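K.L.:
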Ligand code: COA
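Right under this line is the structure:
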């Protein structure tokens, strides 16, 4: 389907979604959120897609937050709560997709921008990126998952520092606190994101989807139950045609040909 505020491209098994409101530093307005949700659903249904990258257009921003114009017009508690839930729908869809999403942070990832990035499977950042949760500057709080995913990623102290002061940090500091996994020069960001997505796309798709489920569902429950979950996922994946092919290919010293069965 045609999109106006995002660009969706397919490069073989890899999809690239570009947030495309560069004049507003790719701020996430209602249209971006609903187009993102539609694009994620479209990719989910397209079995030829095995990995995805989300990035921002231009060289200034991944996304500078939820759209502040829209936030300033929120009329009542119900409308404001619905706004947060619209963000949750997109981040939940990304997190629970069978497809790994690599977030390529090409500049500002602030507020809702960082919250979107945190819903991805992992993040790589341009060395020039600026990352933070400045909502308190506006008299509001993080509403697209930031108060919950940030402490899970970086620990309570660092999360509280970012959420309570509204200060931004650079890419190296973000890497030091596990908020991003890789830092690369800006001109190499997309190439590296594509490379990593391409690597994932060579793996067994059922194994990739099961790994995502084990990680994300396991993080919600106690360790004992999470290990049960892992054993169940392992049990199902280890007897698939892909598992037979992957192990056989290793023993025959050839690359595997996975079929997602
Ligand atoms: N929502 C709506 N518009 C936004 C935006 C947002 N979150 N962030 C930036 N923009 C718009 C600006 O209003 C400006 O539009 P204009 O050219 O029509 O005036 C344009 O993007 C460029 O931003 P500008 O502020 O002029 O750039 P800058 O280089 O001076 O500053 C930032 C960059 C990111 C520091 C600054 O834009 C900013 O603080 N943005 C808001 C960040 C934020 O609080 N996010 C959390 C929202 S919950």
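In my numbering, the protein residues as written are 40 to 300.
The C-beta atom is built at its ideal place from N, Cα and C for all residues, glycine as well.
These figures come from a predicted structure and were not determined experimentally.
1. Taking the beta strand (DSSP E) that residue 250 falls in, what are its first and last residues?
2. Entirely within the stretch 73 to 153 and at least 4 residues each: give me those alpha helix (DSSP H) ranges in chain order.
3. Do the stretch 189 to 205 and the stretch 97 to 115 make contact, defined as three or more Cβ pairs closer than 8 Å?
4. Going by C-alpha to C-alpha distance, which of 100, 225, 236, 180 sits closest to residue 159?
5. Pull up the DSSP beta-bridge partners for residue 58, would you.
6. Between the C-alpha atoms of residue 157 and residue 183, what's the straight-line distance to the nearest angstrom?
7. In angstroms with no decimal places, state the Cα-to-Cα distance between residue 163 and residue 56.
8. Distance check for residue 242 and residue 286, CA to CA, integer angstroms please.
9. In terms of DSSP beta bridges, what is residue 202 paired with?
10. Tell me which residues share the same chain as residue 229 and place their Cβ nearer than 7 Å to its Cβ, disregarding the 5 neighbours each side in the sequence.
11. For residue 297, which of helix, strand or coil comes out of DSSP?
12. According to DSSP, is residue 53 helix, strand or coil?
13. Residue 300: buried (16+ other C-beta within 10 angstroms of its C-beta) or exposed?
14. Assess contact between the stretch 91 to 105 and the stretch 66 to 80, defined as three or more Cβ pairs (one per stretch) separated by less than 8 Å. Is contact present?
15. Take residue 225 as the anchor and find which of 167, 118, 138, 72 has the nearest alpha-carbon.
16. Suppose the cutoff is 6 Å on Cβ atoms and the five residues either side in sequence are ignored; what does the same chain contact list for residue 244 look like?
17. When DSSP labels each residue in this structure, what does residue 181 get in the three-state scheme?
18. With DSSP as the reference, label residue 159 as helix, strand or coil.
19. Answer with buried or exposed for residue 176, where buried requires no fewer than 16 other C-beta atoms within 10 angstroms of its C-beta.
20. Report the rounded CA-to-CA distance for residue 58 versus residue 96, giving the unit in angstroms.
21. Count the other CB atoms, across all protein chains shown, that sit within 10 Å of the CB of residue 154; report buried if there are 16 or more and exposed otherwise.
22. Give me the residue from 249, 190, 79 with the minimum Cα distance to residue 218.
23. By Cβ distance, which residues of its chain are closer than 7 Å to residue 119, with the 5 residues on each side in sequence left out?
24. Candidates 44, 150, 194, 165: which alpha carbon is nearest residue 181's?
25. Quick check: is any heavy atom of the ligand COA less than 7 Å from the C-beta of residue 144?
P.N.:
Short version:
1. First-last for residue 250: 244 to 257, but that is the alpha helix (DSSP H), not the beta strand (DSSP E).
2. Within the stretch 73 to 153, complete alpha helix (DSSP H) segments of at least 4 residues are found at 107 to 111, 116 to 134, given in chain order.
3. The stretch 189 to 205 makes no contact with the stretch 97 to 115: fewer than 3 CB pairs, one atom from each, lie closer than 8 Å.
4. If we check each option's Cα against that of residue 159, 236 comes out closest.
5. Residue 58 is bridged to 45, 95.
6. One C-alpha to the other measures close to 10 Å.
7. Roughly 15 Å between the two C-alpha positions.
8. A straight-line Cα-Cα distance of about 12 Å links residue 286 and residue 242.
9. DSSP output for residue 202 lists no bridge partner at all.
10. Contacts found: 94, 143.
11. The answer is coil: DSSP assigns residue 297 none of H, G, I, E or B.
12. It is a strand residue.
13. That one is exposed.
14. Output reads yes: the stretch 66 to 80 touches the stretch 91 to 105.
15. Closest option to residue 225, Cα to Cα, is 167.
16. Same-chain partners within the cutoff: 89, 299.
17. Correct three-state label for residue 181: coil.
18. When DSSP states are grouped into helix, strand and coil, residue 159 belongs to the coil group.
19. Residue 176 should be labelled exposed.
20. Computed Cα separation, rounded: 6 Å.
21. Buried, since its Cβ has 16 or more Cβ neighbours within 10 Å.
22. Selected option, being the one with the closest Cα: 190.
23. Cβ neighbours of residue 119 beyond the five flanking positions: 113.
24. When only C-alpha atoms are compared, the closest one is 150.
25. No, the Cβ of residue 144 stays beyond 7 Å of every heavy atom of the ligand COA.
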